[in-house]
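I have placed the structure first, in the form of structure tokens, so that the comments after it can refer back to it.
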Amino acid sequence: MRRPFVAGNWKMNMLADSSAQLAGELADKLPEGNVEVAVCPPFVYLTTVGNVIKQSKIKLGAQNVYFEPKGAFTGEISTAMLKDVGCEYVIIGHSERRHIFGESDELINAKVKSAIEAELKPILCVGEKLDQRDAGQTEKVIETQLAGGLVGLSADSLKNLVIAYEPVWAIGTGRTATPDQAQEVHQFIRSWLSGKFGDDFAENCVIQYGGSVKPGNAESLMSQADVDGALVGGASLKADDFIKIIGAAIKAKSA
Ligand code: PEP
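Have a look at this one:
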């Protein structure tokens, strides 16, 4: 049985005070229910936020990681550092990393492998750009990103893998995939996972949707059979909105 999972990607937003305040509000207002919740603040506020949420059920995640264990890699952060400050999750291959910073599937694969070795739970992001969708290439793009990102990994090692389907044209644009569009791609991802790692693996793998998820569309998206939660950007910066999205996940999946 898959546990619904809502994660907030704060991106490059907030300062120390506002991070602590937002985390505190989330911890205070977190609804009871069958849902996993994580927040992914900027690296420099992981400790601040981790301290605020440590008595709550909210988990801590990072937005990125580097695959080398240590050494001369100026500006990078290792898996051991993330573990050290209390991270349980790490977002890998977010579309902003792929398209602004030029991350390749090969680099993303190295990051997924290092996260798994360190027992961090990777949230592997995949998603097509608008021109790729318009050209009918959505499945091909997703398949390439999945195959490339998961090269050399076994079903056993990937038991904590989370996948986030995030159509690039829906991220931060206010334009959301319809529930049917999301379900179609999620179903494709699950069937690809089944072919690669077996039915049991595919049935148990959590697949989040991301792309302008808001309180008003969250429940209809997460009511889809293969949409197991959400990776939320903009709306995760407002405590009330994020709490409503968490509530929507509980409601959608208890129906
Ligand atoms: C994201 O950052 O992963 C995201 C989906 O952003 P937004 O919700 O703002 O579209």
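Counting from 0, one number per residue, gives the positions in the sequence shown under numbering that gives the first Met the number 0. All C-beta atoms in this analysis are idealised placements derived from N, C-alpha and C, irrespective of residue type, glycine included. All figures in this text were calculated on a predicted structure; none of them were measured in a lab.
Within 8 Å, strictly: CB atoms of residue i and residue j
i, j, result
"tyrosine 88", "lysine 58", "yes"
"valine 161", "lysine 110", "no"
"threonine 137", "serine 113", "no"
"leucine 145", "leucine 157", "no"
"threonine 47", "serine 18", "yes"
"leucine 123", "glycine 151", "no"
"valine 5", "glycine 228", "yes"
Residue i classed as buried or exposed, judged by whether at least 16 other C-beta atoms fall within 10 angstroms
i, result
"lysine 252", "buried"
"methionine 221", "buried"
"serine 153", "exposed"
"lysine 69", "exposed"
"glutamine 207", "buried"
"phenylalanine 196", "buried"
"proline 30", "exposed"
"methionine 13", "buried"
"glutamate 95", "buried"
"glycine 173", "exposed"
"glycine 60", "buried"
"tryptophan 99", "Correcting the residue identity first, residue 99 is isoleucine in this sequence and not tryptophan. Exposed, by the Cβ-count rule."
beta-carbon residue i near ligand 1 non-hydrogen atom, thresh 7 Å
i, result
"serine 211", "yes"
"isoleucine 170", "yes"
"proline 230", "Note that residue 230 is leucine in the sequence shown, not proline. Correct: leucine 230 has its Cβ closer than 7 Å to ligand 1."
"glutamate 165", "yes"
"threonine 243", "According to the sequence displayed, residue 243 carries lysine and not threonine. No, the Cβ of lysine 243 stays beyond 7 Å of every heavy atom of ligand 1."
"histidine 185", "no"
"histidine 93", "yes"
"asparagine 216", "no"
"alanine 61", "no"
"glycine 126", "no"
"alanine 247", "no"
N- and C-terminal bounds of the alpha helix (DSSP H) containing residue i
i, result
"lysine 22", "Correcting the residue type first, residue 22 is alanine in the shown sequence and not lysine. Per DSSP, alanine 22 belongs to the alpha helix (DSSP H) from 15-28."
"leucine 192", "178-196"
"asparagine 8", "No alpha helix (DSSP H) contains asparagine 8, which is instead part of the beta strand (DSSP E) from 4-8."
"proline 214", "214-221"
"glycine 246", "238-253"
Assumed close pair residue i, residue j - CB separation to whole angstroms, cut-off 8 Å
i, j, result
"asparagine 108", "glycine 147", "6 Å"
"histidine 185", "valine 226", "5 Å"
"arginine 242", "lysine 53", "First, the residue type needs correcting, since residue 242 is isoleucine and not arginine in the sequence shown. With a Cβ gap of about 19 Å, isoleucine 242 and lysine 53 do not count as contacting."
"glycine 32", "isoleucine 244", "Not a contact, Cβ separation roughly 13 Å."
Start-to-end residues for the beta strand (DSSP E) that takes in residue i
i, result
"glutamine 207", "205-209"
"lysine 112", "Run containing lysine 112: none in the beta strand (DSSP E); it sits in the alpha helix (DSSP H), 104-116."
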